[in-house]
Amino acid sequence: MAQAQIIDGKIMSERLRADVAADVARLRVEHGIQPGLAVVLVGEDPASQIYVRSKGEYSLAAGMHSVTHRLPSDTGQAELIALVGDLNADPLIHGILVQLPLPKGLDERAVLAAIDPDKDVDGLHVVNAGRLASGQPALTPCTPLGCMIMLRETLGDLTGKRAVVIGRSVLVGRPIAQLLLQADCTVTIAHSRTRDLPAVCREADILVAAVGRPRMIEADWVKPGATVIDVGINRVPFDDPVKAAQGKTKVVGDVAYKEVSAVAGHITPVPGGVGLMTVACLLQNTVTAARRLAGLP
Ligand code: GUN
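Per the numbering used here, the sequence shown starts with residue 7, numbered consecutively.
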């Protein structure tokens, strides 16, 4: 069996970021609008700090206005919601993202609900989730959007394909299932209570793994030739026991990459796959929000 073709998130995200930068330049010249993104980070979670830094750097590189608010982990709920209110009212800001997870004691739902749905570039406000579920134009969560771009660029028309999504999170599983449905796939959402998960997965032409468990999806879970999208970002000790003993870690996906590559037709690597598309889609959503807020098509 031939090795799966790699779906290269680096190349695709570079192309998408270049397209976004061109849109930003056009908005400035033609309408005098500079899309603005505000990212809010509460606390010192190390992974969140890395993600937030890259969001700031990429938005500046695309020519956007970019602000990052870093707040201490003991920030109160009222203070955080007041900041969101200020950003809602700020005409220079078109997109607001509050990095998750929030420190204990803060109510994520209440904070997300405080964001103006038309500036909710994360697509996590219930209004946007509802718009997506009912097929209306919505700001859509960035990771699912990135997965769909990868699938369309790899497979073209997705009509009639059997898609299995493993994971039912609000951030990834549920919205990607909605997008696959909109693309006329036959969609199954599988989760920790699904019976005979390997057999369900083997039915998939498109298998999306969004569970957060390192290398859970094995080769015999995958139909030969299937397209495998790995959303997982899991930190694990190195396989090499010497490096592991030094406390060194590496990032792996939810898919046993080497083994599954011998069966799948196409596969996204981790790192170098979906994660890079997430940031590029955040920039795209910010341009979309800026255009809609200005009443542009
Ligand atoms: N933490 C991990 N991924 C995300 C994301 O897409 N959005 C937000 N707000 N927080 C995250």
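For each residue, glycine too, the CB sits at the ideal point set by N, CA and C.
Keep in mind the model is a prediction, meaning the values are calculated, not measured.
Same chain, Cβ closer than 7 angstroms to residue i, neighbours up to 5 away in sequence not counted
{"i": "ALA296", "result": "LEU33, ILE39, PRO41, HIS100"}
{"i": "MET18", "result": "ILE155, MET156, GLU159, MET283"}
Simplified DSSP assignment, three categories, for residue i
{"i": "ALA300", "result": "coil"}
{"i": "SER72", "result": "strand"}
{"i": "GLY91", "result": "helix"}
{"i": "GLY42", "result": "strand"}
{"i": "ARG199", "result": "coil"}
{"i": "LYS254", "result": "coil"}
{"i": "GLY216", "result": "Before going further, note that residue 216 is Ala rather than Gly in the sequence given. ALA216 falls in the coil class under three-state DSSP."}
{"i": "ALA225", "result": "helix"}
{"i": "ALA210", "result": "coil"}
{"i": "GLN11", "result": "strand"}
{"i": "LEU98", "result": "coil"}
{"i": "PRO277", "result": "coil"}
{"i": "ILE307", "result": "Nothing in the structure corresponds to residue 307, since the chain is present only between 7 and 303."}
{"i": "HIS37", "result": "helix"}
{"i": "ARG168", "result": "strand"}
{"i": "LEU47", "result": "strand"}
Residues near residue i in its chain [Cβ-Cβ closer than 8 angstroms; skip 5 each side]
{"i": "GLU50", "result": "SER79"}
{"i": "ARG219", "result": "GLY238, ASN240, ASP260"}
Closer than 7 angstroms: residue i CB and nearest ligand 1 heavy atom
{"i": "THR292", "result": "no"}
{"i": "THR149", "result": "yes"}
{"i": "ASP128", "result": "yes"}
{"i": "THR284", "result": "yes"}
{"i": "VAL104", "result": "yes"}
{"i": "LEU289", "result": "no"}
Beta-carbon separation (whole angstroms), residue i vs residue j, contact threshold 8 angstroms
{"i": "MET70", "j": "GLY152", "result": "At roughly 18 angstroms, the Cβ-Cβ gap does not stay under 8 angstroms, so MET70 and GLY152 are not in contact."}
{"i": "CYS148", "j": "CYS287", "result": "4 angstroms"}
{"i": "VAL104", "j": "VAL46", "result": "5 angstroms"}
{"i": "PRO150", "j": "ASN134", "result": "Their Cβ separation, rounded to whole angstroms, is 12 angstroms, which puts PRO150 and ASN134 out of contact at 8 angstroms."}
{"i": "ASP211", "j": "LYS167", "result": "4 angstroms"}
6 angstroms CB neighbourhood of residue i in its chain, flanking five on each side removed
{"i": "ASP172", "result": "According to the sequence shown, residue 172 is Ile rather than Asp. Excluding sequence neighbours, ILE172 sits near ALA196, ALA215, VAL217."}
- Task: Specify whether the stretch 171 to 187 and the stretch 131 to 138 touch according to this definition: at least 3 beta carbon pairs, one from each stretch, less than 8 angstroms apart.
- Result: yes
- Item | At least three beta-carbon pairs within less than 8 angstroms, the stretch 204 to 214 to the stretch 240 to 249 | no
- Contact between the stretch 262 to 269 and the stretch 8 to 18: three or more CB pairs below 8 angstroms? yes
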